[in-house]
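Visitor:
Chains as they are written, first to last, in our numbering: chain A, 0 to 705; chain B, 77 to 154.
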């Protein structure tokens, strides 16, 4: 694969792009055209997936294909649409000007899909229309006259059903033909003579500035006239004559009573209506499947109940199914560690490998099965169309805290693990909504927190039953889960009013028809996302693991017991150093060391406490020896037990709120395109955790708790 | 003057104009809500908001607050 990897810069290679609305079946078609020869990365600096591949055409011609993110319009409202706009117009340095645009159009939703298509017909590139989902259109009663549509659009139209493989061979042939004899479509949008005169005058300015050809200038000019954002775009910075001409046209239109900001959409849809009057007929069909399903899935009572059941089922499946591979990974790492202990000579190298690399990376990779299963379910929910209904049902609730309905599933996923939660925010189009969701997602109670809560609540909270019924430790743990949710809601509100203010984010959401998920594509995404996580584990997380190990392994004192070694190590020294900072929370330097070490992953807290207190914790689920040792720890000042219930609660509150997870930080860095927001998140969560624990500790003392 | 937010569930009407800031109006139009387009409110979400609206053969979810910007008329004469 590496030798044929598309890098988009060799001379003589032809470049084509797939463009189209979301839910038009673009990804399925891309997979069919490129097979396994594809590469997925991010566009630099943004969280938009860049999918590239190689299409092999008859006669040995190889074409570089880029699958553009789904877009509704060339006037962008999301990072995805921004990228589509930039690539189509050849404004990006990392993509080549396109030799051909393959516009994927959903035949069952033709009218709306043709809007974006009509814009793409006017950008001066050869176009082929892939009229996809013909099977769905037929079932919905649409009769499409393909030759007539082709005549009206002026470009080749290939009828297909990509999910069944229908029409793919023909599409290849048409692409090959278009590449050997390319022709740029002429602009077709009819305008009334007086409007046409004004618009085309501005078009001539574009032609003079070298930004368009006379044949197709009209479409782009219409866009510039109607969209202030398009006119303010940087690509026109060097063309003041175009700006002046467009503004003049606006003035003349206004003088004739034509509302220029509605001109583009109105005229395009008017044209589409006239095209479809000729090329599309409709049979009467009985109520469609989507309507019948929606009557149940978005029902006043049944809808929320089904949603709850789906979430519950997904979680049950994740925790049940993931357990076996997780145990296998854990024992694999344990066995490798034992093998390394036996094979390698005792010393620094062995210590680093076993206690640094294997322990650190192992504690992260153990979550891989959970994460991949979660992606599998998220993919199925998204692809089937149900995810849009979840957003529809939850929008009111999420809207209250300034989030979009689409933020619901990423936040719920974060109860298993924040990493897939953060990555699942990709379905949120609006950049600010996405950011706020990412920032609060790690406050949800992820599965790595449970061992910490079990250890602390199970050891130090008296097991009395409240109302003779519910054990107090269970109530405290439940309170911690609630605290995380409350903190997330509050912080989302704060961010909405401060760093993420702005335009109406969630104006409109498409509710696509339900369909059978394309399991191949879903599976592929699961593998890709899982692989990203593994790559993180192999780079950022590996590096941090080694640093954390070195802090506790140096300076070395040969012959010392593990607990003596860590006490006099740099980690121990840092623990002492930060003691004044964490003392107001009721923590001592030993807890400081455990907090430092568990930055790798929260559940490492348990084994770190074991090391510090010199107890082997074979079973982190039920560390009986550690519990006894901790209970016996005395406060050096008073001689009373050091770990009081209040101290334990303060520590648990700290773990609810603090960003004690390097893999989430790595994921946030990746998803937000840099360290800035990852560091910001680390900082705000740290401040929040410190403040809350401070209040708990001092408030509790003031109330008289020991 | 009726707005999309006031249209009864199951009822049909035509878009007359949009009373939203230009960037929002533009996106609503791009999604099909241009003057003269036939709209129908299919249902409301379980909590009463947003609305599911059918326009040009596709289904959109629009919050009531945004639907108020869509001014309707009884016929398609723009």
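C-beta atoms are modelled at their ideal positions from N, C-alpha and C, and glycine is treated no differently. Since the structure is predicted, the reported quantities are computational estimates derived from the model, not experimental observations.
1) Compute the Euclidean distance between the alpha carbons of residue 129/B and residue 536/A, then round it to the nearest angstrom.
2) For the candidate residues 76/A, 81/A, 30/A, whose alpha-carbon lies nearest to that of residue 43/A?
3) What residues in its chain sit with their C-beta under 7 Å from that of residue 66/A, if we drop five residues either side in the sequence?
4) Within this structure, are the beta carbons of residue 382/A and residue 516/A separated by less than 8 Å?
5) The ligand FMN and residue 497/A: does any heavy atom of the ligand fall closer than 7 Å to the residue's C-beta?
6) Relative to the alpha-carbon of residue 409/A, which residue among 403/A, 415/A, 399/A, 420/A has its alpha-carbon at the smallest distance?
7) Along chain B, in chain order, which residues have C-beta atoms closer than 9 Å to that of residue 394/A?
8) Measure the CB-CB distance between residue 156/A and residue 145/A and report whether it falls below 8 Å.
9) Would residue 201/A and residue 244/A be called neighbours here (beta carbons separated by less than 8 Å)?
10) Going by CA-CA distance only, name the one from 438/A, 72/A, 603/A that's closest to residue 354/A.
11) Pull out every residue of the stretch 47 to 70 of chain A whose Cβ sits closer than 8 Å to any Cβ of chain B, in chain order.
12) For residue 228/A, would you say it is in contact with chain B, using Cβ-to-Cβ distances shorter than 8 Å as the test?
13) Mind checking residue 580/A: buried by the 16 CB within 10 Å criterion, or exposed?
14) Shortest alpha-carbon distance to residue 487/A belongs to which of 687/A, 358/A, 365/A, 379/A?
15) Across which residues does DSSP place residue 136/B in a beta bridge pair?
16) Taking residue 71/A as the reference, which of 47/A, 170/A, 89/A, 22/A has the closest Cα?
17) Rounding to the nearest angstrom, what Cα-Cα distance links residue 146/B and residue 394/A in this structure?
18) Here's a check: name, in chain order, each residue in its chain whose Cβ is nearer than 8 Å to the Cβ of residue 471/A, leaving out the five neighbours to either side.
19) Is residue 742/A close to chain B, meaning its C-beta is less than 8 Å from at least one C-beta of that chain?
20) Could you name the residues of the same chain whose beta carbon sits closer than 8 Å to that of residue 707/A, not counting the 5 residues immediately before and after it, in chain order?
21) Using a Cβ-Cβ cut-off of less than 7 Å, list which residues of the stretch 259 to 270 of chain A approach chain B; keep chain order.
22) According to DSSP, is residue 81/B part of a helix, a strand, or is it coil?
23) Excluding the 5 residues flanking residue 634/A on each side, which residues of the same chain have their C-beta closer than 8 Å to its C-beta?
24) Please go through the same chain and pick out, in chain order, the residues whose beta-carbon is closer than 7 Å to the beta-carbon of residue 440/A, but skip the five residues on each side of it.
25) Rounding to the nearest angstrom, what Cα-Cα distance links residue 302/A and residue 586/A in this structure?
26) I'd like to know if residue 105/B contacts chain A, where contact means its C-beta is closer than 8 Å to some C-beta of that chain.
27) Measure from the alpha carbon of residue 691/A to the alpha carbon of each residue in 650/A, 669/A, 659/A, then state which is nearest.
28) For the beta strand (DSSP E) that residue 61/A lies in, which residues bound it at each end?
29) Residues of the stretch 78 to 105 of chain B in Cβ contact with chain A at a cutoff of 9 Å, in chain order, please.
30) Shortest alpha-carbon distance to residue 126/B belongs to which of 399/A, 578/A, 685/A, 564/A?
31) In angstroms with no decimal places, state the Cα-to-Cα distance between residue 573/A and residue 392/A.
32) Select from 670/A, 605/A, 136/A, 327/A the residue whose C-alpha is nearest the C-alpha of residue 447/A.
33) Any beta carbon from chain D within less than 8 Å of residue 132/B's own beta carbon?
34) Pick helix, strand or coil for residue 112/A, following the three-state DSSP scheme.
35) By DSSP's criteria, residue 233/A is part of a beta bridge. Which residues make up the other side?
36) So with Cβ pairs under 8 Å, would you call residue 299/A a contact of chain B?
Guide: According to the structure data:
1) 45 Å
2) 81/A
3) 17, 25, 26, 29, 50
4) yes
5) Ligands in the displayed structure: none, and consequently the ligand FMN is not present.
6) 420/A
7) 121, 123, 125, 126, 137, 139
8) Result yes, Cβ atoms of residue 156/A and residue 145/A sit closer than 8 Å.
9) yes
10) 603/A
11) none
12) yes
13) Exposed.
14) 687/A
15) 509/A, 129/B
16) Selection 47/A, 170/A, 89/A, 22/A evaluated against residue 71/A yields 22/A as nearest (Cα-Cα).
17) 20 Å
18) 460, 461, 462, 463, 464, 465
19) Here chain A has residues from 0 to 705 only, and residue 742/A is not among them.
20) Absent from the model: residue 707/A. The displayed extent of chain A is 0 to 705, so no value can be given.
21) 260, 261, 264, 265, 268
22) helix
23) 640, 641
24) 409, 410, 413, 417, 420, 421
25) 47 Å
26) yes
27) 650/A
28) 61 to 66 is the extent of the beta strand (DSSP E) around residue 61/A.
29) Cβ contacts with chain A: 93, 94, 96, 97, 98, 99, 100, 101, 102, 103, 104, 105.
30) 399/A
31) 49 Å
32) 605/A
33) Among the chains of the structure shown, chain D does not appear; the protein chains present are A and B.
34) DSSP, reduced to helix, strand and coil, places residue 112/A within a helical segment of the structure shown.
35) Beta-bridge pairing links residue 233/A to no other residue.
36) yes
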